[in-house]
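Residue numbers (the UniProt record's numbering): 1 to 92. One structure below.
Here's what the structure looks like:
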């Protein structure tokens with residue numbers, strides 16, 4: 001079964017996600033921004049979700065993690081939880 005590890009920042013609006021993505025693209029630290037802005041409990045850990053299996057996450061998130069590029073900020077990805085900025089650390 002395919003596994004991956006990713007970090008994410010979850011926010012309520014696309015506008016907020018877009019603003020954070022600009023900051024990330026300018027070189028700001030992903031983990032610090034996650035701690036400050038993410039509404040997900042993982043924000044306390046810098047957005048780190050640890051390792052998970054394909055199918056463990058909601059469909060849009062899962063697709064981005066298992067089909068998108070590694071170590072690149074993806075998103076915003078909309079799910080029922082809000083808007084995610086995702087950084088895939090590795091896939092097996």
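Note that CB positions come from ideal geometry on N, CA and C, so glycine has one too.
Sub-9 Å separation of residue i and residue j beta-carbons
i	j	result
residue 40	residue 47	yes
residue 76	residue 18	yes
Best match in the options for proximity to residue i [C-alpha to C-alpha]
i	options	result
residue 74	1, 6, 2	6
residue 68	25, 10, 89, 38	89
residue 10	26, 34, 4, 22	34
residue 83	38, 50, 2, 32	38
residue 2	72, 63, 81	63
Residues that DSSP places opposite residue i in a beta bridge
i	result
residue 5	51, 90
residue 82	79
residue 11	83
Residue i versus residue j: straight-line alpha-carbon distance, rounded
i	j	result
residue 14	residue 86	14 Å
residue 51	residue 42	13 Å
Whole-number beta carbon distance between residue j and residue i, since they are thought to touch under 8 Å
i	j	result
residue 70	residue 53	Wrong, their Cβ atoms sit about 17 Å apart, outside the cutoff.
residue 61	residue 79	6 Å
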